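Taking it in order: structure first as structure tokens, then the write-up.
Numbering (my numbering), first residue to last: 7 to 422.
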């Protein structure tokens with residue numbers, strides 16, 4: 007991490023950073039007027055000193071802390087070797103899993119993973135990453151077979167009331183979201199309990215990594231949360247922080263309220279506004295610059311590496327007749343933007359994997375599952391999607407070796 011700068015007094019800071027403190031005062035005034043209060047956000051010049059619960063490696067800025075993530079990977083490798091994950095002096099193959107966002111389409115990833123596990127062919131992953139609904143799935147996938155019943159229950163036995171509580175339309179103007187996610191937090195709390203935290207900590211100590219992505223709206227930057235390090239820290243509040251990070255990663259701005267996380271920097275307490283990591287990226291494997299910092303082919307690091315990317319969405323476009331109304335046009339445009347952000351993510355991961363000689367495997371909702379108009383978190387839809395994906399995972403899923411647009415570009419794939 008960067009070296010902390012010399013501390014300053016509150017008086018000094020109020021003179022040198024009036025904008026940030028004025029922002030905090032205005033935020034407090036807004037809170038008193040409209041019922042929404044928050045503490046002062048982290049000033050921009052302290053961004054690289056942010057810590058949570060005093061844990062140095064609890065979180066990283068995905069856009070600038072590649073060196074720190076590289077160091078975390080080195081420490082994980084040392085723990086992995088100490089745990090005996092070698093054979094004949096060589097590292098065993100490493101398997102990575104990235105689970106994307108996709109709202110209730112997370113039933114696809116959940117079903118695929120449960121079927122894969124029940125088939126007895128799912129590996130123990132060296133690295134698991136999750137964003138949005140993928141953040142809900144990631145801890146189950148990370149912990150493996152004994153957690154599959156919980157993963158199935160989350161995606162086949164819930165309905166809208168288990169995820170959100172709709173608020174009045176006035177919240178679109180005077181509130182921070184259209185719905186309250188207290189039910190979703192209750193669901194997370196039920197499944198991410200003290201035993202879950204202890205199990206994640208145990209696997210972290212064996213060199214495995216569980217990373218979840220959120221977006222800091224204050225900083226307008228992506229955050230990668232090192233869930234294993236938080237779980238293994240032994241700090242009071244670690245379990246609560248893990249739950250809040252998962253909730254934040256799944257909190258779609260506007261639809262769901264942001265999650266406020268207490269942080270420290272330069273000896274001062276601040277509060278950071280975190281939302282759905284899909285604002286920045288729908289999925290990630292590892293920062294693209296990591297392969298430029300590390301020689302994966304070196305004698306010390308040489309091993310097989312296999313990456314599995316689950317895109318909880320369709321990749322084929324969905325045609326619709328769009329009415330000439332503001333809300334319809336805006337909604338359609340946002341949905342299209344999210345669709346292609348997700349597509350671009352799998353292209354980026356593919357390019358990175360090919361550069362680093364990592365075997366690439368992709369799964370997504372294919373056209374054989376018919377598009378169905380449904381209410382969000384409709385139990386019938388979610389169960390049908392789960393069962394469809396489960397059957398594929400159980401009987402040997404045909405992982406795609408490239409995103410469809412690149413697969414179609416291959417000469418052998420073109421129609422004759």
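Yeah, the Cβ is synthetic: ideal placement off N, Cα and C, and Gly gets one too. Bear in mind the structure is a predicted one, so any value in this text is a computation, not a measurement.
From the listed residues 47, 339 and 195, the smallest Cα separation to residue 330 is found for 339.
Cβ neighbours of residue 405 within its own chain (closer than 8 Å, five residues either side excluded): 314, 367, 368 and 369. A direct Cα-Cα distance of roughly 11 Å separates residue 245 from residue 206.
Boundaries of the beta strand (DSSP E) around residue 276: 274–282. Annotation for residue 135: 104, 217 and 290 place their beta carbon closer than 6 Å to its own, counting only its chain and skipping 5 residues before and after. Only residues of its own chain outside the window of five on either side were considered, and among them 275 and 277 have a CB closer than 7 Å to the CB of residue 268, listed in chain order. As the crow flies, the alpha-carbon of residue 320 is around 45 Å from that of residue 272. Secondary structure note for residue 197: its alpha helix (DSSP H) is the uninterrupted segment 188–197. When the five nearest sequence neighbours on each side are left out, the beta carbons in the same chain lying within less than 6 Å of the beta carbon of residue 56 are those of 48, 269 and 271, in order along the chain. Around the C-beta of residue 122, 16 or more other C-beta atoms lie within 10 Å, and the residue is accordingly described as buried. Collapsing the DSSP output to three states places residue 324 in coil. Of all C-beta pairs linking the segment 300–314 to the segment 140–157, fewer than three are shorter than 8 Å, placing the two stretches out of contact. Excluding residues up to 5 positions away in sequence, 281, 282 and 285 lie with their Cβ nearer than 7 Å to the Cβ of residue 259 in the same chain. Restricting attention to alpha helix (DSSP H) runs no shorter than 4 residues, the segment 44–104 encloses them at 72–88, ordered along the chain. Taking a C-beta distance under 9 Å as the contact criterion, residue 100 and residue 133 qualify as a contact pair. Excluding residues up to 5 positions away in sequence, 74, 75 and 230 lie with their Cβ nearer than 6 Å to the Cβ of residue 66 in the same chain.
Short of 6 Å from the beta carbon of residue 312, and not among the five residues preceding or following it, lie these beta carbons of its own chain, in chain order: 101 and 365.
Classified as buried, residue 234 has 16 or more neighbouring CB atoms from the shown chains inside 10 Å of its CB. Annotation: the continuous beta strand (DSSP E) that includes residue 266 extends over 265–271.
Taking every protein chain shown into account, the CB of residue 78 has 16 or more other CB atoms within 10 angstroms, so this residue is buried. The bridge partners DSSP lists for residue 329 come to none.
Around residue 347, the same chain offers 284, 287 and 288 as residues with beta carbons nearer than 8 Å, after the five sequence neighbours per side are excluded.
A direct Cα-Cα distance of roughly 35 Å separates residue 379 from residue 202. Counting only the Cα atoms, residue 249 lies some 18 Å from residue 60. The DSSP-derived three-state label of residue 387 is helix. In the DSSP assignment, residue 230 falls within the unbroken beta strand (DSSP E) covering 227–232. The Cβ atoms of residue 119 and residue 147 sit closer than 9 Å to each other. Excluding its 5 nearest sequence neighbours in each direction, residue 63 has C-beta neighbours in its own chain below 7 Å: 78, 232 and 235, listed in chain order.
As DSSP reads the structure, residue 218 sits in a beta bridge with 136 and 231. Taking C-beta atoms as the reference points, residue 247 and residue 58 count as a pair closer than 9 Å. In this structure, the alpha-carbon of residue 228 lies about 10 Å from that of residue 70.
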